[in-house]
Amino acid sequence: MENKDRYSFNSNDLLYKIYSYRKPLIIITSIGFIVSIVVSLFITPLYKSNVIVFPAPSTSISQSLITTINSYKKESVFGEVEEVEQILQVLHSDELRSKIIKKYNLWKHYEIDSANEKYPIDRMLKKFNNRINFKRTEYMAVEIEVFDSNPDTAALIANDICMLIDTVMNRMEKERAIEAFKIVQYEYDTKVAQLKKLEDSLQFIMSKGVLDFESQSEVLNKAYADAVVGGNMRGANELKKQLDTLAKYGSAYISLRDFLLYEKEQLSLLNGRYKEAKVDAEQILTHFYVVNKAFKSDKKAKPKRSIIVLVSTLSTFALAFVLLIFVELLRDLRKKDTVQISES
Numbered sequence: 000m001e002n003k004d005r006y007s008f009n010s011n012d013l014l015y016k017i018y019s020y021r022k023p024l025i026i027i028t029s030i031g032f033i034v035s036i037v038v039s040l041f042i043t044p045l046y047k048s049n050v051i052v053f054p055a056p057s058t059s060i061s062q063s064l065i066t067t068i069n070s071y072k073k074e075s076v077f078g079e080v081e082e083v084e085q086i087l088q089v090l091h092s093d094e095l096r097s098k099i100i101k102k103y104n105l106w107k108h109y110e111i112d113s114a115n116e117k118y119p120i121d122r123m124l125k126k127f128n129n130r131i132n133f134k135r136t137e138y139m140a141v142e143i144e145v146f147d148s149n150p151d152t153a154a155l156i157a158n159d160i161c162m163l164i165d166t167v168m169n170r171m172e173k174e175r176a177i178e179a180f181k182i183v184q185y186e187y188d189t190k191v192a193q194l195k196k197l198e199d200s201l202q203f204i205m206s207k208g209v210l211d212f213e214s215q216s217e218v219l220n221k222a223y224a225d226a227v228v229g230g231n232m233r234g235a236n237e238l239k240k241q242l243d244t245l246a247k248y249g250s251a252y253i254s255l256r257d258f259l260l261y262e263k264e265q266l267s268l269l270n271g272r273y274k275e276a277k278v279d280a281e282q283i284l285t286h287f288y289v290v291n292k293a294f295k296s297d298k299k300a301k302p303k304r305s306i307i308v309l310v311s312t313l314s315t316f317a318l319a320f321v322l323l324i325f326v327e328l329l330r331d332l333r334k335k336d337t338v339q340i341s342e343s
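Residue numbers for the sequence shown follow numbering that gives the first Met the number 0, so the first one is 0 and each next one is one higher.
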């Protein structure tokens with residue numbers, strides 16, 4: 000009950016104070032109202048354009064285009080949290096920001112004098128970040144918001160920023176992909192040259208008459224035995240020469256043949272890597288899907304003059320009331336001090 004009376008007293012006292020100060024409050028608040036209207040009229044209106052994109056999966060181009068072992072597995076066509084964060088990081092990159100500033104001459108457009116300004120870069124960054132925003136939506140998409148005094152410029156900047164995502168990401172990926180391709184290409188060329196040497200060595204042995212060691216050895220040994228048994232010494236001597244050639248080059252033939260088969264299998268695997276690396280180095284795929292492209296807005300997005308006037312007027316009223324209370328308090332304190340001095 001006591002708290003209720005106290006609250007009632009405080010509320011009534013507050014209303015009484017407001018009523019007692021009604022004239023200065025009305026005057027000051029009215030002035031604040033008029034000033035806020037005038038100031039809001041001088042604020043440059045800004046138009047908003049936005050682009051919404053969904054990220055694509057962060058797989059390499061070769062994985063997307065060339066059939067792999069897991070090609071039967073159906074994967075989502077949209078990226079996930081990792082891909083969203085990658086796009087946001089690119090959007091906040093210095094490279095992308097510099098390209099936009101240069102293309103649209105934002106130093107002039109934002110009226111920043113880089114020669115005479117004390118901290119021109121800091122002011123440009125603040126202006127850029129105030130006018131251009133990037134955020135993740137609740138549906139795992141990325142929204143690019145651009146505010147500008149010119150509705151055409153706002154739409155153009157938003158769409159160009161969207162396209163620059165691919166430019167920046169492809170530049171980074173291509174640098175790595177080209178280096179990887181050079182390494183694989185060197186390995187591939189080295190393997191091809193090695194196979195050529197092995198084939199030349201095997202061809203030399205085959206020119207000596209060693210074409211198929213196992214079958215030739217079996218046939219010649221049987222023929223040699225038949226010639227010896229039949230007393231055909233001349234034929235046996237000819238067969239003996241061929242057997243000696245097989246004995247001389249047979250081991251090398253088997254080693255070269257088997258090693259050549261193994262190396263050809265390795266070359267086949269390397270050829271797959273070579274093709275994938277070449278695709279990654281030469282081809283380009285987009286990293287996102289555009290849901291909504293930016294268009295020229297016909298309605299200003301900010302400032303909201305009604306909100307500015309309302310907030311300014313209420314703030315003026317509250318500040319004026321506090322100052323009047325403070326002035327009254329000081330006046331009472333001075334009176335109290337004067338009374339105490341006179342009594343003493």
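C-beta atoms are modelled at their ideal positions from N, C-alpha and C, and glycine is treated no differently.
CB contact flag (Ile306, Ser35, <8 Å)
no
Could you please give me the residues that DSSP links to Arg135 through a beta bridge?
Val141
Which runs of the beta strand (DSSP E) at least 3 residues long sit entirely within the region 134-210? Give them in chain order.
141-147
Just the C-alpha distance for Arg333 and Asn132, rounded to the nearest angstrom, thanks.
54 Å
How would you label Leu105, buried or exposed, when you count the other beta carbons within 10 angstroms and need 16 or more for buried?
buried
Provide the residue(s) that pair with Phe53 in DSSP beta bridges, ordered along the chain.
Tyr288
Excluding the 5 residues flanking Tyr187 on each side, which residues of the same chain have their C-beta closer than 6 Å to its C-beta?
Leu269 and Tyr273
Specify, as a first and last residue, the run of the alpha helix (DSSP H) that Ala276 falls within.
Met232 to Glu281
Environment of Gly208 [buried if 16+ CB atoms lie within 10 Å]:
exposed
Going by the beta-carbon positions, is the gap between Lys101 and Asp159 smaller than 8 Å?
no
Which stretch, first to last residue, makes up the beta strand (DSSP E) that contains Lys301?
Lys299 to Lys301
Roughly how many angstroms separate the alpha carbons of Lys107 and Asn149, rounded to a whole number?
14 Å
Environment of Pro44 [buried if 16+ CB atoms lie within 10 Å]:
exposed
Just checking: is the beta-carbon of Asn129 within a distance shorter than 8 Å of some beta-carbon in chain B?
Absent from the structure: chain B. Only one protein chain is present.
Who are Lys47's beta bridge partners in DSSP?
Phe146
In its own chain, which residues sit with a C-beta less than 8 Å from the C-beta of Arg88, not counting the 5 before and 5 after it?
One point to set straight first is that residue 88 is Gln, not Arg, in the sequence displayed. Counting only Cβ-Cβ distances below 8 Å, and skipping sequence neighbours, we find nothing.
Taking Cβ to Cβ, would you say Ile344 is nearer than 8 Å to Ala251?
Any answer about residue 344 is impossible in this case: the structure gives the chain only from 0 up to 343.
What whole-angstrom Cβ distance do Gly31 and Ala55 have, given they're in contact under 8 Å?
That belief does not hold up - the Cβ atoms of Gly31 and Ala55 are roughly 53 Å apart, past 8 Å.
Cut-off 7 Å between Cβ atoms - residues of its own chain near Arg122, not counting five sequence neighbours on either side:
Ile111 and Glu116
If you run the structure through DSSP and keep just helix, strand and coil, what is Leu329?
helix
Where His108 sits in the DSSP three-state scheme:
helix
Need the endpoints of the alpha helix (DSSP H) that Ile36 sits in, please.
Arg21 to Phe41
Is the region 283-296 in contact with the region 159-171, if contact means three or more CB pairs nearer than 8 Å?
yes
Member of Asn236, Leu245, Ser216 and Glu237 whose CA lies at the smallest distance from the CA of Ser206:
Leu245
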